[in-house]
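Numbering (my numbering), first residue to last: 1 to 412.
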């Protein structure tokens, strides 16, 4: 671990991830996925998890150099395979009551020089194989959480002018501030923040909008909302009864769009770091919910391959509102990591919808969810399309327009 990473800040992040993020219960197992360079955070999480009474803490690690070795030296058929046996085991763990935590620390540029076709094939194989592990997450059946660790390659991307160790220390400070850990009582910080998010959620749910209309530079988009959609944000109870905070940090309120009622153009306002490639200046056009035109100034091949994963990959499964004045946006830092950048900007997600953003969704069959407009896909990829130049109106079923955001800020 870099000696520029404050161990007290790292320990507080681990404690909040356990207590507020996943809200681990006594006797509950915890399955953690993380890159090897995040080991110091995983170790601190294990300490706090066992203090909270964890049954077992099970870490599963990935490694950038091993990942690169595969793309550089593996036989071609390797890229159509994924360890389905591992994801089946994870699914069984969640069925048995385990909680889930993921550590974000990936190198945004890891696969920048790799054949996009290999990346797309490996990503699709992974998406198919991991369905047993993803179903309990998408359905919010278990308590889960994502937090971040300032990995060396990620930190160097964010702060390219600093030596690696200093960049890691600075990124740790940025993660700490964005995760609302400063002050004497981070638990109280999160309780207050969740209360503010719930106020927005309650107002939006009371409006019962039929659609949202976005206007701004390169954007004129009418985005229909799913039948019986529910706005959510902040800590929420999973189906197992445990209230958790899935994302640390989080600034969003979000719901389910209608996968077949999206029309118009939208332009990204931030780069998207996806599968080790940075995709810049995304611009798309929707017709009847489907992307029919797509371009990017950098990483276009990777983006186009993403849209081809399945039919749902070119439709959207989540829409989220974030004010431009969010702390992450105001930091002025481009994190090249969706966990952070999505909380600096309004965004949409290509792919799978969350069942719990539709009334009674957890009890509905996939076909019933689809009839209400919820999207189905092997992927779920957020990208940012909000700024201080974007306005949003809510549109009712009768055509009445209600200001939701003006110049990137809440209008009421």
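Backbone N, C-alpha and C define an ideal beta-carbon position, used for all residues, glycine too.
- Residue 66 sits exposed, since fewer than 16 C-beta atoms from the chains shown fall within 10 Å of its C-beta.
- Contact annotation: the region 155-174 does not touch the region 353-371, with fewer than three C-beta pairs closer than 8 Å.
- The region 130-138 and the region 57-72 do not touch, with fewer than three beta-carbon pairs separated by less than 8 Å.
- Using a C-beta cut-off of 8 Å, the region 22-29 makes no contact with the region 184-192, since fewer than three inter-stretch Cβ pairs fall below that distance.
- An exposed status is given to residue 295, since fewer than 16 other beta-carbon atoms sit within 10 Å of its beta-carbon.
- The way I'd put it, the region 256-263 does touch the region 370-377; three or more beta-carbon pairs between them come closer than 8 Å.
- Judged by pairs of C-beta atoms under 8 Å, the region 239-254 touches the region 191-206, as three or more such pairs exist.
- Exposed is the label assigned to residue 81, since fewer than 16 other Cβ atoms lie within 10 Å of its Cβ.
- The C-alpha of residue 405 is placed about 15 Å away from the C-alpha of residue 222.
- In the displayed model, residue 48 falls within a helix according to three-state DSSP.
- Residue 400 has its alpha-carbon roughly 42 Å from the corresponding atom of residue 123.
- When DSSP states are grouped into helix, strand and coil, residue 19 belongs to the helix group.
- Out of 271, 397, 402, the CA that lies nearest to the CA of residue 387 is found in 271.
- Across the structure, residue 90 and residue 31 are spaced so that their CA atoms are roughly 8 Å apart.
- Of the other Cβ atoms in all chains shown, 16 or more fall within 10 Å of the Cβ of residue 41; this residue is therefore buried.
- In terms of Cβ geometry, residue 285 and residue 220 do not form a close pair [threshold 7 Å].
- The beta carbons of residue 313 and residue 289 sit no closer together than 7 Å.
- For residue 391, the closest of 398, 322, 366 by C-alpha to C-alpha distance is 322.
- When the beta-carbon positions are compared, residue 317 and residue 247 stay at least 7 Å from each other.
- Secondary structure in the region 49-126: the beta strand (DSSP E) runs of 3 residues or longer, each lying completely within the stretch, are 57-62, 99-104 in chain order.
- Within the DSSP bridge table, the entry for residue 222 names 213, 263 as partners.
- Counting only residues of its own chain and dropping the five nearest sequence neighbours on each side, residue 384 has a CB closer than 8 Å to the CB of 268, 269, 270, 272, 341, 342, 344, 345, 346, 347.
- From the listed residues 330, 240, 307, 263, the smallest Cα separation to residue 97 is found for 240.
- Under DSSP, the beta-bridge partners assigned to residue 146 are 102, 247.
- When beta bridges are read from the DSSP output, residue 254 appears opposite 232, 320.
- One alpha carbon belongs to residue 409, the other to residue 354, and they sit about 25 Å apart.
- Between the alpha carbons of residue 334 and residue 277 lies a distance of about 15 Å.
- Per DSSP, residue 309 is not a residue of any beta strand (DSSP E), being assigned neither H nor E.
- DSSP places residue 200 outside any beta strand (DSSP E); the residue lies instead in the alpha helix (DSSP H), whose first and last residues are 186-207.
- In the same chain as residue 338, and ignoring 5 residues on each side of it, the C-beta atoms closer than 6 Å to its own belong to 382, in chain order.
- Contact annotation, residue 411 with residue 380: C-beta distance approximately 28 Å; criterion of less than 8 Å not satisfied.
- Taking the Cα positions, residue 140 is about 28 Å away from residue 37.
- Of the candidates 167, 224, 145, 275, the residue whose Cα lies closest to the Cα of residue 13 is 145.
- In the assembly as shown, residue 106 is a buried residue. Its beta-carbon has 16 or more other beta-carbons within 10 Å.
- Classified as buried, residue 147 has 16 or more neighbouring CB atoms from the shown chains inside 10 Å of its CB.
- The region 154-162 makes contact with the region 107-116; the number of CB pairs closer than 8 Å reaches 3 or more.
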